Amino acid sequence: MMTGRLDGGAGAGPKIRVVIAKPGLDGHDRGAKVIARALRDAGMEVVYTGLRQTPEQIVEAALQEDADVIGLSILSGAHNHICPQVMRLLVERDLRDVLVVVGGIIPDADVPTLHALGITGIFLPGARMQDIVDFIRRHARTRTEAV
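Numbering (the numbering used here), first residue to last: 13 to 159.
(1) Buried or exposed: where does Asp41 fall if 16 or more other Cβ atoms within 10 Å of its Cβ makes it buried?
(2) Decide if Val36 is buried, meaning its Cβ has at least 16 other Cβ atoms within 10 Å, or exposed.
(3) Would you say Ala152 and Leu111 are within 7 angstroms of each other, going by their C-beta atoms?
(4) State yes or no: is the C-beta of His28 within less than 7 angstroms of the C-beta of Asp80?
(5) How many angstroms separate the CA atom of Leu75 from the CA atom of Val98?
(6) What does the Cβ neighbour count give for Pro67, buried or exposed, with the cut at 16 atoms within 10 Å?
(7) List in chain order: all unbroken alpha helix (DSSP H) runs of 4+ residues lying wholly within the stretch 116-143.
(8) How far does the beta strand (DSSP E) with Arg29 in it extend, from its first residue to its last?
(9) Name the two residues that bound the continuous beta strand (DSSP E) containing Val110.
(10) Under 7 angstroms between the Cβ atoms of Gly115 and Val30?
(11) Assuming Asp38 contacts Ser88 under a Cβ cut-off of 8 angstroms, what Cβ separation, rounded to an integer in Å, is found between them?
(12) Is the stretch 134-150 close to the stretch 48-62, with three or more CB pairs under 8 angstroms?
(13) Note the first and the last residue of the continuous beta strand (DSSP E) segment covering Glu43.
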């Protein structure tokens, strides 16, 4: 169930497509909405899936939206449960080239585990918006626009 699409302004070339998801039972989505707006303002196409998404719903949204990036906002501490599921489902759906970034409350001790899963973009509270935008621009797959 998609709750909103935000299209960035006109730019040169194809837009990076980002699915922002709020997995698990955490109901605090202000940060996810702020990130979605910042990415849209940076010229990306953003789909915010809403609260309480399952890993299956998130990966299905990425497939349907032909996403280049999945952004997970996790404040509940469930990242060690949710992230492995999302990464496994991406492999199963042959979406290995979708960049996954995670923001939220991530203890330093858990960062190596997330890196081992293939999640290199980990953003903690206080991360600068421009750093997130720059990371996504540097690491998202290159898309060629059909003419």
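Note that CB positions come from ideal geometry on N, CA and C, so glycine has one too.
Small disclaimer: the values here were computed from a predicted structure and weren't measured.
In this structure, then:
(1) buried
(2) As written in the sequence, residue 36 is Gly, which differs from the Val given in the question. Gly36 should be labelled buried.
(3) yes
(4) The sequence shown places Ile at residue 28, not His. It is a contact, given that the beta carbons lie within the stated cut-off.
(5) 12 angstroms
(6) buried
(7) 123-129
(8) 29-33
(9) Here Val110 belongs to no beta strand (DSSP E), and DSSP marks it neither H nor E.
(10) no
(11) 4 angstroms
(12) yes
(13) The identity of residue 43 in the sequence shown is Gly, whereas the question assumes Glu. Not the beta strand (DSSP E): Gly43 falls in the alpha helix (DSSP H), residues 42-53.
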